[in-house]
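Residue numbers (our numbering), protein chains in the order written: chain H, 86 to 201; chain S, 86 to 201.
The beta carbon of each residue, even a glycine, is placed where N, CA and C say it ideally should be.
Being a predicted model, the structure only gives us computed values, none of them experimental.
I have placed the structure first, in the form of structure tokens, so that the comments after it can refer back to it.
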């Protein structure tokens with residue numbers, strides 16, 4: 086398994102503290118499912134395997150999404166943003182993206198017009 | 086203009102180094118437009134004004150999206166993710182979200198199956 090990126094890709098990317106945020110969007114429903122982090126090895130593994138693979142900041146290890154839950158993400162495409170510091174993955178999500186069992190991780194609405 | 090959050094909102098949020106990533110999604114087309122950062126004051130201003138307001142890490146200042154370009158984002162709704170460390174905004178985007186003139190910032194595809 087390659088843990089480094091081709092130079093022509095690596096030179097476009099701005100890792101911050103070795104990490105880059107990666108947004109996963111459902112390729113069919115277009116729901117934003119989650120945001121997680123990748124290091125170079127996680128992105129290299131994602132590109133070579135086509136399975137979304139992140140860096141767990143809490144466990145300090147490579148994390149193949151769904152490796153234990155079965156809720157994997159098959160990557161359809163990846164795009165880098167204009168300044169090279171954020172990734173957007175289009176994925177086929179098996180089951181729930183969120184560890185709570187919710188379809189997406191973004192399930193807590195915040196009230197607009199809230200006053201302190 | 087309030088620069089702090091109501092306690093019942095603040096207690097749900099995990100800022101990292103004073104910042105939280107905020108993903109902006111087009112409420113109609115469902116395109117993911119950009120990811121930027123908010124500090125507490127930027128989020129408080131977003132919630133009270135309904136206009137997406139970020140923290141510019143390069144300029145070290147509050148940044149009302151579109152204040153100079155006219156490409157504002159009217160916020161339709163905001164959701165917090167399961168672990169309280171990422172925001173998702175549904176917005177009405179006026180004009181281009183990206184400073185390059187592209188509709189979204191995510192316009193550089195990365196090749197899958199890339200080998201180093």
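List the residues of chain H whose Cβ lies closer than 9 Å to the Cβ of residue i, in chain order.
i	result
residue 193 (chain S)	97, 164, 165, 166, 167 and 169
residue 185 (chain S)	167
Taking only beta-carbon positions, decide if residue i is within less than 9 Å of chain S.
i	result
residue 138 (chain H)	no
residue 115 (chain H)	yes
residue 198 (chain H)	yes
Closest to residue i by CA distance: which of the options is it?
i	options	result
residue 157 (chain S)	S:178, S:101 and S:105	S:178
residue 169 (chain S)	S:98, S:87 and S:94	S:98
residue 103 (chain S)	S:109, S:95 and S:110	S:95
residue 109 (chain S)	S:92, S:123 and S:143	S:123
residue 118 (chain H)	H:185, H:196 and H:197	H:185
residue 161 (chain S)	S:181, S:180, S:135 and S:139	S:135
residue 141 (chain S)	S:194, S:105 and S:155	S:105
residue 183 (chain H)	H:155, H:145 and H:90	H:155
residue 181 (chain H)	S:167, S:127 and S:147	S:167
residue 132 (chain H)	H:100, H:144 and H:149	H:149
residue 159 (chain H)	H:125, H:195, H:139 and H:126	H:139
residue 128 (chain H)	H:113, H:194 and H:164	H:164
residue 121 (chain S)	H:172, H:153 and H:198	H:172
residue 116 (chain H)	H:100, H:130 and H:187	H:187
residue 137 (chain S)	S:107, S:113, S:193 and S:90	S:107
residue 100 (chain S)	S:126, S:196 and S:189	S:126
residue 111 (chain S)	S:174, S:143 and S:87	S:174
Can you find a C-beta in chain H that's less than 9 Å from the C-beta of residue i?
i	result
residue 135 (chain S)	yes
Going along chain S, which residues have a C-beta under 9 Å from residue i?
i	result
residue 104 (chain H)	By Cβ distance, chain S contributes nothing, its closest Cβ being about 11 Å from residue 104 (chain H), past 9 Å.
Pull up the DSSP beta-bridge partners for residue i, would you.
i	result
residue 162 (chain S)	S:175
residue 146 (chain H)	H:141
residue 194 (chain H)	S:164
Would you mind telling me which residues of chain S sit closer than 7 Å to residue i, beta carbon to beta carbon, in chain order?
i	result
residue 108 (chain H)	108, 117 and 120
residue 160 (chain H)	197
- [ ] Quick one: which unbroken beta strand (DSSP E) runs of 3-plus residues sit fully inside the region 87 to 132 of chain H? Chain order, please.
- [x] 105 to 111 and 117 to 123
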